[in-house]
Amino acid sequence: MKIQFDDLTYQTDAINAILGVFEGQQIRKSEFTIMDQDAQGKLFGEKGVGNKIDISISKLLQNVQQIQINRGIPIAKNIPGAFPQFNIEMETGTGKTFVYLKSILEVNRKYGFTKFIIVVPSVAIKEGVMKTLEMTRQYFKTQMQGQVYRSFMYDSSQLNDVQAFATSDNVEIMVINIQAFSKSAKNNDNMNIIYRNDMDALYGIAPIELIAETNPIVIIDEPQSVDNTENAQAAIAALNPSVAFRFSATHKNKSYPLIYKLGPVEAYQQKLVKQIEVAGIKRSIDGNEAYLKLLSIKATAKTITATVEMLVKNKTDIEKKDIKLKQGDDLYIKSKRIAAYESVGFVKDISAVPSNEYIEFSGEPSMIRLSQSQNEDLEIKRGQIRKTIEEHLNKELKLNALGIKVLSLFFIDNVANYRQYDEEGNEILGIYGQIFEEEYKDALKSSKYKKLRDYDVPVEETHNGYFSIDGKKKVKNTSGSSKEDETTYNIIMKNKEDLLTMYDEEKGKTKAAHKYRFIFSHSALKEGWDNPNVFQICTLIESTDTITKRQKIGRGLRIAVNQDGERVPGFEVNTLTVMANESYDEFAKDLQTEYEEEGMEFGIFKQDIFSSLVIKVDEHTGIKTPLGHEKSEQLVDYLKEQKYIDDKHKGTVALAKAIKEKTFDIPEEFKELAPDMKERIIEAIELKFNVEKIEIKDNDKKESVKLNKEALSGPFLELWERIKYKTNYTIQLDTDKFIKQAGDKLNDELIVRINKLEYERHKIETTEAGISTVKEESTVFATTERDYEKAPDILTYLQNETKLKRKTLIRILKDSGTLSDFKRNPQTYMMEAARIINAAKRMAMVDGIKYEKLAGNEVYDQSLIIKEEIETYSDNIVPVSNNRSPYDHIIVDSSVEREFAEACEQDTNVKFYIKLPTEFKIKTPLGMYNPDWALALEKDGKDHLYFIVETKGSIASEDLRPTELAKIRCGEKHFSAIQTGIIFKKATELLEVY
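With positions in the sequence shown counted from 1, the corresponding number in the numbering used here is that position plus 7.
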């Protein structure tokens, strides 16, 4: 199968933009003499052929501005630099390599230029360009009426190619990576051969001198990675270009005029690349649980710190974050006060002992281990592989009938996880290879896949890996830029069309590559190659994921092809599913950040944004007059004055409101320039600013709750005296009762939960305003059930985790009736059993708990309650009257609390009341307990009673979670122990306190 090339409108537009730069250029060539004044070389007198541009810079600028006006691109003020350079923006997957190769031939055909150099950032991209040159040769031969051209890869050991480049009268195309000529004479012994004048092949002439004499037209592929250093910029200048065209999806250096724009936004909106959707796998987590995952532990001579992944509250939402912990840290505080973490308590101990790394907490869970996280990670990766297989097979059901072979790509960072060797050197599967085959076989058990054309192909023939090979012919990990990698890229490129070809015995399509549908590749081989029929990309990365989001999607963005090599357009066919390591919103956010770091600006109103709006067209010449820079700047300044643009040049809520309510207007002087100027300006604004996604909020609802110092006297102090004392507790455990409770709890709650994974798939939408996601699927699924032959030592494990005796554990496990589940997944069974037994142990502790006031009458610090000012919203506060609380308002979190506070305000018997802050905590075996209210009542005008009141939506025992109920019981025992006459009450309303 050969990939077919078409005349695509957008590619023709890009080529015409390049041709338009030279409008007015006469066809001519420049001849020069190759000679060395000191040498008697054979080259003396021989003619070389180069390029010569004979149009002025002012004419070039006029050409460029007309191109920009026609394309709706802000116009250039000038053409900077020692030689003209122009930016062409083309998204990955839209065929920029094809465009610049065809541009070379069209420029030669129209203007006679013959010398071209393509500069690339890496070996990988160089191999990709050479492959495209090979694939397009026949197409260009037909399209360009047999136009003669020679292309070659610069090789310092083949300098005769450089000589031929300089002397040939035909089109010459040199492909060179920047590393081959970025070290000039300034680097002395380390300089590249291209700068040396002692090479026998050229009789004392430095290769760079020959190249420079040709005044080549230089194509820079991915300039943000090519000329991003002073050395690289000097190297490009040393080529002595007549002109340079810079091709990239996102330009960092915007000082050069942009003559064509087909960025990520335009490519997505015109459906010229695949629709991207991002899917993610995570453990199914109970919303009432405190999510914790131990990532690493670091020990120094002075401290031990642990890094955990946990949920953290931000201004608007809850997100997963990596948080550093040390001994004594309170998890509730670290989470920014998420209620579920109160039960975890504080860090009691951190172990950095190799193979026994863990964190011990004062609450529940009592301990998390690094080994536990590693097992969970592997199960997540199993889930990723399973869902990638299912997405793949589902697409095959739909696309095979259209002649489209579906491919899936797995990136891994350690080749041993896919392929290993036994003692005799034979290839065997690594863990990911084993998981793939297990999950593939299990997936095929579904009846809907029985009609797949490749259903009968053995699983071991459906997948293969592309890795670099060492001297012993074994696969190895590499950096992506080594000599071995160059060979690997070459193999990938050569196999490109075979991978696109369906296995078909009748048609003789029986190569191994025809059967491959699932490809494993090292994560270092992350750029410079792609395949149009990659529909799923899954990253199975153990360490830090070094593959950028753009590199991931870049391997499969191109529109798919059928068995005739023809493109099959449309999002209904072309959807690329990225199985991400992170959540969908993190992926979208990071993808936008990467675009911005590479120079793309989402939603920015630059000073020149309106400069190319046409206000007049010359009837005779067709020359268009644009609004221009000065007027564009005036208009942007006007938008800033109206508060429509903020200091960061982004649209504001006021702008969204004005456009939505049709009150937006422009100064009269602009309306006079063209009859529909206001509408065209609004149209330009809406390209950059998504009005519909701006929520217009009422900022008038913010309130400051202030400390009332007058209230911090008599009644407050009397109440504080009764609640301020701290306690400690001791425990007596009823063993028989505990064993029964633990066995019952195991029987009720034990599930091999790690096999239940959550799967979400979201579509990525790209606009000028930014990148967003739209949910498409959300489900919970299980991976393959497996029987384990070798069982770990469960009793030793549980002893370490629970600190219980073996005979106690044996009784619990037997009484629970759950041991049959142990064989299904021993590791998960042990982890879950330890968690449940520890939870039962804490509940049992509550029955035997005894609180005592701390020696020396240690007390809580009054500053826990007293803060100068707290900012909140008016919806969350109740005003306080008559100095009956420390603040002028009470901040409430629920309707129950609001009703209780309002009742206190209306009841004249309530002399003082405090909504206790979250920092007021009482230690319990289940984590910290935070009571709700402290109250001072006057009864019958004389008796003063003091209460701690726990308010819940319901105070019935059956409606409260066991942990919550147990904490309340502990709180009651604490206040009884301090013996200050404080009375503990559970109530849903004030009347229940009496």
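Every residue gets a Cβ at the ideal spot worked out from N, C-alpha and C, and that includes glycine.
Excluding the 5 residues flanking residue i on each side, which residues of the same chain have their C-beta closer than 6 Å to its C-beta?
| i | result |
| --- | --- |
| K341 | I330 |
| K305 | T312 |
| Q47 | Its pLDDT being 29, under 50, Q47 is placed unreliably in this model, and the value from its coordinates should be taken loosely. None. |
| I990 | F954 |
| D43 | The pLDDT assigned to D43 is 44, lower than 50, so where the model puts this residue is not dependable; a value taken from the coordinates is nonetheless given after this. So the list reads G211, I212, once near-sequence residues are dropped. |
Just curious, the beta strand (DSSP E) that residue i is in, first and last residue?
| i | result |
| --- | --- |
| T307 | Counting along the chain, T307 falls outside any beta strand (DSSP E), and DSSP gives it neither H nor E. |
| S528 | 525-529 |
| K695 | Run containing K695: none in the beta strand (DSSP E); it sits in the alpha helix (DSSP H), 684-695. |
| M160 | 156-160 |
| R574 | R574 -> no beta strand (DSSP E), and no H or E assigned at all. |
I want to see whether chain D comes within less than 8 Å of residue i, judged by CB atoms only; does it?
| i | result |
| --- | --- |
| I125 | Absent from the structure is chain D; it holds one protein chain and no more. |
DSSP three-state call for residue i: helix, strand or coil?
| i | result |
| --- | --- |
| F927 | coil |
| K669 | coil |
| G52 | Low local confidence applies: a pLDDT of 33 at G52 is under 50, so the model's placement there is unreliable, and no value is given. |
| L997 | helix |
| D293 | In this prediction, D293 has a pLDDT of 44, which is less than 50 and means its spatial position is unreliable; nothing more can be read from the coordinates. |
| I340 | helix |
| D755 | helix |
| E979 | helix |
| I1082 | Past the edges of the chain, shown from 8 to 1001, lies residue 1082, and the structure says nothing about it. |
| S249 | coil |
| R842 | helix |
| M206 | coil |
| L302 | strand |
| H656 | coil |
| T221 | coil |
| G119 | coil |
If I measure Cβ to Cβ from residue i and keep anything under 7 Å in the same chain, skipping five residues before and after, which residues do I get?
| i | result |
| --- | --- |
| Y867 | K731, K733, F927 |
| T505 | It is Asp, not Thr, that sits at residue 505 in the sequence shown. Taken in chain order, the residues that qualify are K518, A520, H521. |
| A984 | T734, Y858, E859, K860 |
| S350 | A297, G370, E371, L933, G934, T970 |
| L67 | V28, I86, P91 |
| V225 | I124, V126, I243, L246, P248, A251 |
| G294 | Low confidence applies here, because G294 scores a pLDDT of 43, under 50, leaving its location unreliable and the question unanswered by this model. |
By the DSSP assignment, the alpha helix (DSSP H) with residue i in it spans what residues?
| i | result |
| --- | --- |
| K394 | 377-406 |
| S823 | 813-823 |
| K678 | 675-678 |
With residue i and residue j assumed to form a contact (beta carbons below 8 Å), what rounded beta-carbon distance in angstroms separates them?
| i | j | result |
| --- | --- | --- |
| I266 | A89 | About 19 Å separates the two Cβ atoms, so there is no contact after all. |
| F609 | E775 | 7 Å |
| A841 | T809 | 6 Å |
| V56 | T121 | 6 Å |
| Q543 | T584 | 5 Å |
| L820 | L826 | 6 Å |
| L757 | D828 | 7 Å |
| D900 | L923 | About 12 Å separates the two Cβ atoms, so there is no contact after all. |
| N540 | V568 | 7 Å |
Starting from the C-beta of residue i, find all residues in its chain whose C-beta is less than 8 Å away, skip the five residues before and the five after it, and write them out in chain order.
| i | result |
| --- | --- |
| K49 | Confidence at K49 is low in this model, with a pLDDT of 25, below 50, so its placement is unreliable and the value that follows should be read with caution. Here the set comprises Y210. |
| T600 | none |
| V319 | I325, E326, K327, K328, I330, K341, S342, K343, I345 |
| E603 | F609 |
| K388 | Y439, I442, L547 |
| D914 | L997 |
| E397 | A450 |
Determine the closest residue to residue i out of the options, with distance taken between C-alpha atoms.
| i | options | result |
| --- | --- | --- |
| F677 | K455, G287, L642 | L642 |
| A519 | M509, S528, E513 | M509 |
| T101 | Y651, N94, L279, E878 | L279 |
| H470 | L414, E431, Q427 | L414 |
| F159 | Q150, V136, Q152 | V136 |
| N115 | P223, P81, F93 | P223 |
| V178 | G153, K752, I201, E839 | G153 |
| Q649 | G629, G635, Q33, F671 | F671 |
| V956 | S358, K993, A359 | K993 |
| N1016 | Q748, I435, F525 | Residue 1016 lies beyond the stretch modelled for the chain, which goes from 8 to 1001, so this question has no answer here. |
Beta carbon of residue i: closer than 7 Å to some heavy atom of the ligand GDP?
| i | result |
| --- | --- |
| K402 | With respect to the ligand GDP, the structure shown offers nothing to examine, as it has no ligands at all. |
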